[in-house]
Amino acid sequence: MLGKVRIVTDSTADIPSEVRERLGISTVPLKVIFGEETYLDTVTIDPEVFYEKLAQASTLPTTSQPSPVEFSDVYQRLLAEDAGSPIISIHLSAALSGTYQSAVIAQSMLEEEADITIIDSKSASYGFGLRVVRAAEMAQAGESKERIIEAIEQLERDSRLFFLVDSLENLQKGGRIGKASAFIGSILNIKPILSLDQEGIVTAVDKVRGSKKAMLRIIELLKQSFGDEPVSVTMAWTSHRQTAEELGELIQREFNVQAMDWTRVGTVIGTHAGLGTSAVFMRRL
Amino acid sequence: MSKRFINGSDFAAMVLLGAEYLQRNAERVNALNVFPVPDGDTGTNMNLTMTSGVRELRSKPSDHIGKAAEALSKGLLMGARGNSGVILSQLFRGFSRSLASLEEAGATKVAAALQHGVDLAYKAVVKPVEGTILTVAKEAAKHAVQYARRTNDVVELMQEVHQKAHEALQRTPDLLPVLKQVGVVDSGGQGLVFIYEGFVHSLTGMEGGGYRDSYSMQTEAATPEEVTAPSAAPALRKHEPLSAQSRLSTEAIEFLYDMEFFINRKLGGPKLAFFNESAYKKALEKDGDSILVIAEEDIIKVHVHSRKPGDVLNLSLPYGELTDIHILNMREQHRDLLEHELSDVSTADYSAAELLAGQSVQVTPPGQVFERAPYGIIAVAMGEGIADIFLENDVDTVLSGGQTMNPSTEDFVKAIEALSAEHIYILPNNGNIILAAEQAAELSERNVTVIPTRTVPQGLAAVLAFKEEETAERNSAWMKSAAEQVVSGQVTKAVRDTSIEGVDIREGDFIGIKEKTIVVSDPSLAGACRGLIGSMMENGGDLLTVLTGEEADSAETASLCEWIAEQYPELELEVQKGGQPLYPYLFAVE
């Protein structure tokens, strides 16, 4: 009899800590580096404190993936608890971070053959966080590795994410602007509607002027995918919850929302998205 | 100085100096970082990785080289950060495994260990990319294995390793086009060379002095500041503080044509488009870099790296005659170096006559066909600010014109012919200009669609609805419908007494025109603006754009904005410098 599947992710999944604890999700933190200070994403620095620091910082902090050893430690711990348990390790888009790479190396470093499936989510924040949560729920219910991976893939097709940033500056400076680079330095206050493409690269789906129009455009885009189907929604924000709340209200009105949750964007994603970012993650139920 | 074997203490000394060199030069390495993400932290990450390795090595001092290398490897793995850091940790993980059981190592063993490190690193990386630290390590190790057959001196071997790594580093731009484009060598590879340099100097006892000089050549173009090392003071160079990253967006676009030419305004004919340097530069930036525009009286010198030399020339044609045109394909050199992709194209320096003989210039390098851009957009505008806004939002050509000075059909035809695009849109932005534009569309054999925009705000809404990747039909439909959704307003001075549709107008009064109708006449500019905005907001709106004209003064604008914010607290307000004559303010409500 095989043990229950174990779920590993990294801190950029932006899963609230109480959910992670309840579902037994092992989370490896990325790092954010302010000058000489290195912090573990949301572990040794609280987002609230971090965003205040970010607002005052003259140069942007840098970020770093976990080291392979940090992953192999977690894998080893899980294997020590129950050597027969398969591990599914789901991570931030490899196009945005070397986190997936580190996890892959960690696997190769393990002495014994272990059943570890490492997945490049090609997504970020709760975009893959919601897959991790679903995987962990299924693992708790004793579902097989294969069923869980299938469900994760289905969820990828059944969910969409959009985000709005105050300014593209952080994305550009941090080198993560991807295909939205065309909107840099515009005179007009153009708001690109941002998402991640199939390769997990930042892309601008559309452009509008003004934040109200941007929200309305997001509603339209989501309508195209979800219509009046029952959906579950997670809203996320970095520093100003109000904009995300405004968007959340619109979504409540316009969609068949069965559940709406809130989560704070962590420090690593927050470094690159910047202050005043709001995001919506919607999935078909 | 020679050494047949190195033991754990020798190795520790090498690593310590290697780490020190890396640390001193971390900022330089950061400055080179454009791949895989141009975030300028390779040096920081490698340094932190190495620091963790050194800490572990120091905590477990051993004369046994296997044990010392193992300690380093463990420390590196624990502290590995960033892609280069992770690769570094893999290089030394393989290295240490290979030496695990040895008390001391000779040249053959060291070479084999370097090779083992490279093998492991290549295996560990999901998608190995050449032209990075991997290539530098690989070529150095390969050479080491060969060279170890000729010598049993470890010092000499490491000197060779360092030299080869240095050479491989110089070639990284030939393997990774993004490096070539920015003009830098690979950052991670540079970090590794610093480490190897420390190794060599530790073995030869030549610490510190002069070591940096060997690197000044390759990094000088991209070094934002001289970070350390008083030893280099005499050679200190002052460079423009331009980091490699700032010249690059993540999508490594290859601007492979190096272009240089002059625009002669005197030879350009009577109806030249007005030359706005910043707008012109912005237009070049859309598809180019390393841009230099020097405008002096009637001669404008232009230098740019572009993907589409034809577009650059066509973009320049409305401003005058082009002379002294030089175009060079910068990728050729790189291609020649790639053995498997040798091409026999000789020169790409085209003469001006060849270039201007055809209607549009199309350069076709081997294996890649350059096509016309799918779309071109021509807009009519008065005012530098408005022209700038159009040019930075997908418009290719701005023709000067408006209420008093209308471009002719011929002006449009010329602008159409100058554009190398499959489908061309014209935004007349004035009711009186639509006809001329439509006539030009009929006369031209090209695909031209006139979006009948009557005002500048309508034109702006139309360009923002334009999408490069969409079909022409959809773009036409969206641009038209976007233009119709804007409420346009303009304020100007009445030139005579009259009465129109119940509005009494006196000469010198300010009149507010909503779409085509005069809705207000007021002796004060503020009154006219308020009345006009009130009328424009009758059916609500989310965003009000104000384009300030030549005659608008900033105090007037500020008080107007205050009034708007008070009156319509929910409304988003955006004020832009339009610079248009005759109309102190243009408004758009969306």
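Chains H and C, in that order, give the protein sequences. To get my numbering, take the position in the first sequence, counting from 1, and add 100. To get my numbering, take the position in the second sequence, counting from 1, and add 585. For glycine and all other residues, C-beta sits at the position ideal for the given N, C-alpha and C. On a predicted model such as this, the values are computed, not experimentally measured, just so you know.
Between C:Gln1165, C:Val778 and C:Met663, which lies nearest to Val614 of chain C when the distance is taken from Cα to Cα?
Checked all of C:Gln1165, C:Val778 and C:Met663; the closest Cα to Val614 of chain C is C:Val778.
Leaving aside the five residues before and after Ser834 of chain C along the sequence, list all residues of the same chain whose C-beta is less than 7 Å from its C-beta, in chain order.
Confidence at Ser834 of chain C is low in this model, with a pLDDT of 38, below 50, so the placement of that residue is unreliable and no value is reported for it.
Checking contacts by CB at 8 Å: is Gln324 of chain H closer than that to chain C?
Judged by the 8 Å Cβ criterion, Gln324 of chain H is not in contact with chain C.
How should Pro1037 of chain C be labelled, buried or exposed, when 16 other C-beta atoms within 10 angstroms of its C-beta is the threshold for buried?
The residue is buried, with at least 16 neighbouring Cβ atoms inside 10 Å.
State the CB to CB distance for the pair Asp258 of chain H and Arg384 of chain H, rounded to an integer number of angstroms; the pair is presumed to be in contact (CB under 8 Å).
That belief holds up - the Cβ atoms of Asp258 of chain H and Arg384 of chain H are roughly 4 Å apart, short of 8 Å.
At a CB distance below 7 Å, what residues from the segment 263-284 of chain H approach chain C? Give them in sequence order.
If the cut-off is 7 Å between Cβ atoms, the segment 263-284 of chain H has Gly274, Gly275, Arg276, Ile277, Gly278, Lys279 and Ser281 near chain C.
Of all the options C:Ser686, C:Leu684, C:Ala706 and C:Thr693, which has the alpha carbon lying nearest to the alpha carbon of Ala206 of chain H?
Checked all of C:Ser686, C:Leu684, C:Ala706 and C:Thr693; the closest Cα to Ala206 of chain H is C:Ala706.
Roughly how many whole angstroms lie between the Cα atoms of Phe955 of chain C and Gly895 of chain C?
Its pLDDT being 40, under 50, Phe955 of chain C is placed unreliably by the model, and the measurement read from it follows with that caveat. Cα to Cα, the separation comes out at about 10 Å.
Which residues, in order along the segment 1032-1060 of chain C, keep a beta-carbon less than 7 Å from a beta-carbon of chain H?
Listed in sequence order: Leu1049.
Put Ile125 of chain H into one of helix, strand or coil per three-state DSSP.
Here Ile125 of chain H sits in coil by DSSP.
Within 10 angstroms of the Cβ of Val544 of chain C, are there 16 or more other Cβ atoms? Answer buried if so, exposed if not.
Outside the displayed span of chain C (586 to 1175) sits residue 544 of chain C, for which this structure offers no information.
Are the beta-carbon atoms belonging to Ile974 of chain C and Leu288 of chain H less than 8 Å from one another?
Taking 8 Å as the Cβ cut-off, Ile974 of chain C and Leu288 of chain H qualify as a contacting pair.
Alpha carbon to alpha carbon, how far is Ser202 of chain H from Ala698 of chain C? Give it in angstroms, no decimals.
Approximately 23 Å between the Cα atoms of the pair.
Please report the straight-line C-alpha distance between Leu923 of chain C and Asp624 of chain C, rounded to a whole angstrom.
Low local confidence applies: a pLDDT of 39 at Leu923 of chain C is under 50, so the model's placement there is unreliable, with the coordinate-based value given in what follows. For Leu923 of chain C and Asp624 of chain C, the distance between alpha carbons rounds to 28 Å.
Closer than 8 Å, Cβ to Cβ, to anything on chain C: give me those residues from the segment 197-211 of chain H, in chain order.
Correct list: Gly198, Tyr200, Gln201, Ser202, Val204, Ile205, Ser208 and Met209.
Since Glu1086 of chain C sits in a beta bridge, which residues does DSSP pair it with?
Per DSSP, none; premise fails for Glu1086 of chain C.
For Pro129 of chain H, would you say it is in contact with chain C, using Cβ-to-Cβ distances shorter than 8 Å as the test?
Chain C, which has no Cβ nearer than 8 Å to the Cβ of Pro129 of chain H, makes this no.
Below 8 Å between beta carbons: does that hold for Ser158 of chain H and Leu130 of chain H?
No, Cβ-Cβ distance for Ser158 of chain H and Leu130 of chain H is not below 8 Å.
Which chain C residues sit within Cβ distance under 9 Å of Leu288 of chain H?
Here the neighbours are Ile974, Glu977, Asn978, Leu1045, Leu1049, Thr1130, Glu1159 and Gln1161.
What residue from C:Ala690, C:Gly628 and C:Val770 has the CA that sits closest to Met743 of chain C's CA?
When only C-alpha atoms are compared, the closest one is C:Ala690.
Can you grab the Cα-Cα spacing for the pair Glu1002 of chain C / Tyr151 of chain H, in whole Å?
Straight-line Cα distance between these residues: approximately 53 Å.
Note the first and the last residue of the continuous alpha helix (DSSP H) segment covering Ile974 of chain C.
Run containing Ile974 of chain C: Glu969 to Glu977, per the alpha helix (DSSP H) assignment.
According to the neighbour-count rule (16 or more other Cβ atoms, all chains shown, within 10 Å of its Cβ), is Asn270 of chain H buried or exposed?
Buried, since its Cβ has 16 or more Cβ neighbours within 10 Å.
Helix, strand or coil: how does DSSP classify His786 of chain C here?
If DSSP states are grouped into helix, strand and coil, His786 of chain C belongs with the helices.
May I have a chain-ordered list of the beta strand (DSSP E) segments no shorter than 3 residues that lie completely inside the segment 678-730 of chain C?
Those beta strand (DSSP E) runs which fall completely within the segment 678-730 of chain C and span 3+ residues do not exist here.
Going along chain C, which residues have a C-beta under 8 Å from Lys153 of chain H?
Per Cβ cutoff of 8 Å: no residues; Lys153 of chain H is ~18 Å from chain C at best.
For Val169 of chain H, would you say it is in contact with chain C, using Cβ-to-Cβ distances shorter than 8 Å as the test?
So, interface residue.
Counting only beta-carbon separations shorter than 8 Å, does Asn849 of chain C have a partner in chain H?
Chain H contact via Cβ: absent.
Does the beta-carbon of Gly952 of chain C have 16 or more other beta-carbons within 10 angstroms, so that it is buried, or is it exposed?
In this prediction, Gly952 of chain C has a pLDDT of 34, which is less than 50 and means its spatial position is unreliable; what the coordinates show is noted afterwards. Gly952 of chain C comes out exposed.
Per DSSP, what kind of secondary structure is Gly638 of chain C in: helix, strand or coil?
Three-state result, Gly638 of chain C: helix.
Measure from the alpha carbon of Asp361 of chain H to the alpha carbon of each residue in H:Thr334, H:Tyr226 and H:Ala344, then state which is nearest.
Looking at the Cα atoms, H:Thr334 is the closest of the given residues.
Chain B beta carbons: is any one of them nearer than 8 Å to that of Arg353 of chain H?
Of the protein chains in the structure, H and C, none is chain B.
When DSSP labels each residue in this structure, what does Val204 of chain H get in the three-state scheme?
Here Val204 of chain H sits in helix by DSSP.
Expressed to the nearest angstrom, what Euclidean distance is found between the alpha-carbon atoms of Glu1155 of chain C and Leu350 of chain H?
In a straight line, the C-alpha of Glu1155 of chain C is about 16 Å away from that of Leu350 of chain H.
Using a C-beta to C-beta distance shorter than 7 Å, which residues of chain H count as neighbours of Gly774 of chain C?
Within 7 Å Cβ-Cβ: nothing; Gly774 of chain C doesn't reach chain H, min ~17 Å.
CB His728 of chain C to CB Lys694 of chain C, shorter than 8 Å?
No, the pair does not count as a contact, with Cβ atoms beyond the cut-off.
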